[in-house]
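What follows is a single structure, written as structure tokens, with notes after it.
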Amino acid sequence: MYENILLATDGSVASENAIGHAIGLADLHDAMLHALYVVDSDVYSAYSGDEYVDEHEGPEHGLEEVGEEALATVTERAADRGVEVIEALRHGRPHEEIVDYAADEGVDLIVLGTRRHPEEYRSLLGSVTDRVVRLADEPVAVVKTPVKS
6 MYENILLATD GSVASENAIG HAIGLADLHD AMLHALYVVD SDVYSAYSGD EYVDEHEGPE
66 HGLEEVGEEA LATVTERAAD RGVEVIEALR HGRPHEEIVD YAADEGVDLI VLGTRRHPEE
126 YRSLLGSVTD RVVRLADEPV AVVKTPVKS
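In this text, residue positions in the sequence shown follow the numbering used here: the first is 6, and each later residue adds one.
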């Protein structure tokens with residue numbers, strides 16, 4: 006049913022359950038797993054970075070390192086199940102890059118994690134997951150992270 010599954014990860018706790026779900030689906034369907042991390046251009050372009058000497062010390066570089074670690078985590082976990090992973094790190098607005106990557110790579114399913122945010126947060130900022138669900142042509146599986154009390 007699935008040949009190419011896209012896991013969009015941000016390396017946060019909200020991605021943890023999604024990683025396991027995506028790996029399990031890729032294993033079950035003998036599918037290629039694409040792991041995508043998007044360095045949010047809105048984050049680093051809004052920061053002046055005056056105290057940084059060059060681009061290798063700035064917020065963009067730090068976000069790339071977080072992305073590389075998040076992708077390595079997916080690849081390591083997938084290797085334990087014998088699932089092959091294609092890692093991708095892109096720059097841009099996360100929801101746009103996820104939707105574009107899925108279309109460019111012929112993805113059959115997008116897997117995203119989510120966690121509950123206060124209503125004020127959602128109404129002010131929305132969420133990447135909400136935007137991807139609305140914009141993607143491919144099926145989207147949203148894996149919730151339970152709220153710990």
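Don't be surprised by glycine CBs; every beta carbon is placed ideally from N, CA and C. These figures come from a predicted structure and were not determined experimentally.
query, result
"Integer Cβ distance of ILE28 from ASP113, believed to fall under 8 Å", "No, ILE28 and ASP113 are not in contact; Cβ-Cβ is about 15 Å, not under 8 Å."
"Straight-line gap, VAL44 to GLU101 (C-alpha atoms, nearest Å)", "12 Å"
"Reduced DSSP secondary structure (H/G/I, E/B, other) of TYR106", "helix"
"Every unbroken alpha helix (DSSP H) within the stretch 24-48, with a cutoff of 4 residues, ordered by chain", "none"
"Pick from MET37, GLU8 and GLY16 that is closest to GLY87, judged by C-alpha positions", "MET37"
"CB contact check: ALA40 to chain C, cutoff 9 Å", "Considering every chain present, this structure includes no chain C. It has just one protein chain."
"Rounded distance between the beta-carbons of ILE24 and ARG95, thought under 8 Å", "That belief does not hold up - the Cβ atoms of ARG95 and ILE24 are roughly 18 Å apart, past 8 Å."
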